[in-house]
Amino acid sequence: MPFMRVPKQEWPVCLLRWKDRDIKGKARGELEVVDEFRSFVRPTWRPQLSEFCTTLTGITQEQVDHAPPFPEVLEHFRGFLAKHQLIDAATGRRLARFCFCSDGPYDVRDFVVKQCFISKIAPPAWLISDVVDVRRVVGEWHANATAGADRSAERRPSGAFPLPRRVTLSIPRQLHALGLEPFEGRPHSGIDDTRNIARLVVELARRGWKLEPNTPINPNRRWPWMGKRGRVLEEYYP
42 MPFMRVPKQE
52 WPVCLLRWKD
62 RDIKGKARGE
72 LEVVDEFRSF
82 VRPTWRPQLS
92 EFCTTLTGIT
102 QEQVDHAPPF
112 PEVLEHFRGF
122 LAKHQLIDAA
132 TGRRLARFCF
142 CSDGPYDVRD
152 FVVKQCFISK
162 IAPPAWLISD
172 VVDVRRVVGE
182 WHANATAGAD
192 RSAERRPSGA
202 FPLPRRVTLS
212 IPRQLHALGL
222 EPFEGRPHSG
232 IDDTRNIARL
242 VVELARRGWK
252 LEPNTPINPN
262 RRWPWMGKRG
272 RVLEEYYP
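Heads up: the sequence shown runs through residues 42 to 279, numbered per our numbering.
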């Protein structure tokens, strides 16, 4: 169960496995981090980072200038999956059941598919299965945990922490909802975001919440800015 956070300049993943899987493949809810993968990515379209991006993520121009381009990062990551016997090293065929998880639907559903278009490569088969939108799962858990209950501390259901209404469930707010705050590391750093997403899913599993893919991936979807042969129509990005 790899957990991803995919800014276009970074590819960070935490790999989680069930600790207590029996011989029939069933688990009782204990997940643990068994490995991590991280690579910066050298942009080929608009390769100069903005000051806003550097300030937000901490990624420097030097880091991406010396990083491999996206197709090479995909190959390195493919090797990582093969090392853990999740896919076949030669064919890329899945050898085990796993899914990708991210904060919100955008990382794999949109950003990776878009980057494959820009890089003029097909999204690999091992990447385009449905994913788990962790933000949505946390929201569903919190809504269920607080349904019909007084929001005061005296009557709040066990483990459910209050959230303001109609707010975006950022990673720090999700951690708060599950009583896991504070955020560990630097917010908006890809690897630190990923590690905190993993914390969320480990806790959801510990509480017995069902984890299953909830976001479909359409590798053939086209956006208005897509031109021919991987060309980005600049008029959509002033």
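Glycine included, each C-beta is placed from N, C-alpha and C at the ideal position. Keep in mind that this is a model prediction, so the values were computed, not measured.
query                                                                                                                                                                      : result
In the DSSP assignment, the beta strand (DSSP E) including residue 58 goes from what residue to what residue?                                                              : 51-59
Pick from 223, 221, 83: whose alpha carbon is nearest that of residue 112?                                                                                                 : 83
By the DSSP assignment, the alpha helix (DSSP H) with residue 245 in it spans what residues?                                                                               : 231-247
Opposite residue 141 in the DSSP bridges: which residues?                                                                                                                  : DSSP, once it has assigned bridges, lists no residue as partnering residue 141.
Counting only the same chain and skipping the five closest in sequence on each side, list residues whose C-beta sits under 7 Å from that of residue 261.                   : none
In the DSSP assignment, what are the bridge partners of residue 174?                                                                                                       : 143
Contact defined as beta carbons within less than 8 Å: I believe residue 50 pairs with residue 105. What is the distance between those atoms, to the nearest angstrom?      : 5 Å
Please say whether residue 171 and residue 140 have beta carbons closer to each other than 8 Å?                                                                            : yes
Apart from the five residues on each side of it in sequence, which residues of its chain come closer than 6 Å, Cβ to Cβ, to residue 86?                                    : 159, 273
Between which two residues does the beta strand (DSSP E) containing residue 79 stretch?                                                                                    : 72-81
Can you look up residue 98 in the DSSP assignment and give me helix, strand or coil?                                                                                       : helix
For the region 243-258 and the region 125-135, state whether three or more C-beta atom pairs, one from each stretch, are separated by less than 8 Å.                       : no
Tell me where the alpha helix (DSSP H) around residue 154 begins and ends.                                                                                                 : 154-159
Over the uninterrupted alpha helix (DSSP H) stretch that includes residue 110, give me the two end residues.                                                               : Counting along the chain, residue 110 falls outside any alpha helix (DSSP H), and DSSP gives it neither H nor E.
With a threshold of 7 Å on Cβ separation, who are the neighbours of residue 125 within its own chain once the five nearest residues in sequence on each side are excluded? : 56, 76
May I ask which residues mark the beginning and end of the alpha helix (DSSP H) holding residue 218?                                                                       : 212-218
Considering only residues of the same chain and omitting the five flanking positions on each side of residue 167, which have a CB-CB separation below 7 Å?                 : 122, 128, 133, 135
Report buried or exposed for residue 218, applying the criterion of at least 16 other Cβ atoms within 10 angstroms of its Cβ.                                              : buried
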